[in-house]
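Working notes for the structure below.
Dropping the structure here:
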């Protein structure tokens, strides 16, 4: 008889996943305004930062988080942001499938050696980086909405926002 252990970790504050360094990255004026397709760029950038925070957070749970230990770091995120910028500048439409593939199979996936971990990484990207993400009220996690296309000061308000009451499950 096969036994499976399912483990969920509940985090009461979705922003607790976003380390200060990641929040600082998305609130840097130059980063937010570097792309001519600002709305798409900001939405995907925020989702990408959230994705990075989730995959990094999962490492804290050892084999329940990832089957193997992976060296995800802010360099992966920085390179992914550069790829995002280049693809958006070169494409008339947002290449969602291409971006998910590049992030999940190459940028972050280049570290991943376990098939189940690769599948999980791809699933996160399918959930976070979608066509619907540009719609108002799109949620990355229950109770954690993707910020609308806003200016520099608006992102600083998101940075300072507190008291998200809906927990998310990793």
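Residue numbers (full-length UniProt numbering): 1 to 170. In this text, a Cβ means the ideal position worked out from N, Cα and C, and glycines have one as well. No experiment lies behind these values; they were computed from the predicted model shown.
Among 73, 82, 143, 88, whose alpha-carbon lies nearest the alpha-carbon of residue 109?
Ranking 73, 82, 143, 88 by Cα distance to residue 109 puts 73 first.
Just curious, the beta strand (DSSP E) that residue 141 is in, first and last residue?
Taken as a continuous stretch (DSSP letters only), the beta strand (DSSP E) holding residue 141 covers 139-141.
How many Å lie between residue 39 and residue 46 at the Cα?
One C-alpha to the other measures close to 11 Å.
Quick one: is residue 10 buried, meaning 16 or more other Cβ sit within 10 Å of its Cβ, or exposed?
Residue confidence for residue 10 is low, a pLDDT of 47 falling below 50, so the modelled location carries little weight; the figure read from the coordinates is stated next. That one is exposed.
Starting from the Cα of residue 80, find the closest Cα among 37, 129, 93, 102 and give me that residue.
Ranking 37, 129, 93, 102 by Cα distance to residue 80 puts 102 first.
Less than 7 Å between C-beta atoms, sequence neighbours within five positions excluded: which residues of the same chain meet that for residue 71?
Closer than 7 Å at Cβ, skipping near neighbours: 111.
What residues match up with residue 145 in a beta bridge as DSSP calls it?
Answer is 139, bridged to residue 145.
Taking the alpha carbon of residue 125 as the point to measure from, which residue in 64, 55, 114, 115 has its own alpha carbon closest?
Ranking 64, 55, 114, 115 by Cα distance to residue 125 puts 55 first.
Measuring CB atoms only, is the segment 113-124 touching the segment 48-65, in the sense that at least three cross pairs come out at less than 8 Å?
The segment 113-124, when compared against the segment 48-65, does touch it at the 8 Å Cβ threshold.
Using DSSP with H/G/I as helix, E/B as strand and the rest coil, what is residue 72?
Residue 72: coil per DSSP, three-state reduction.
Using the C-alpha atoms, what's the distance from residue 136 back to residue 106?
When rounded, the distance between both Cα atoms is 30 Å.
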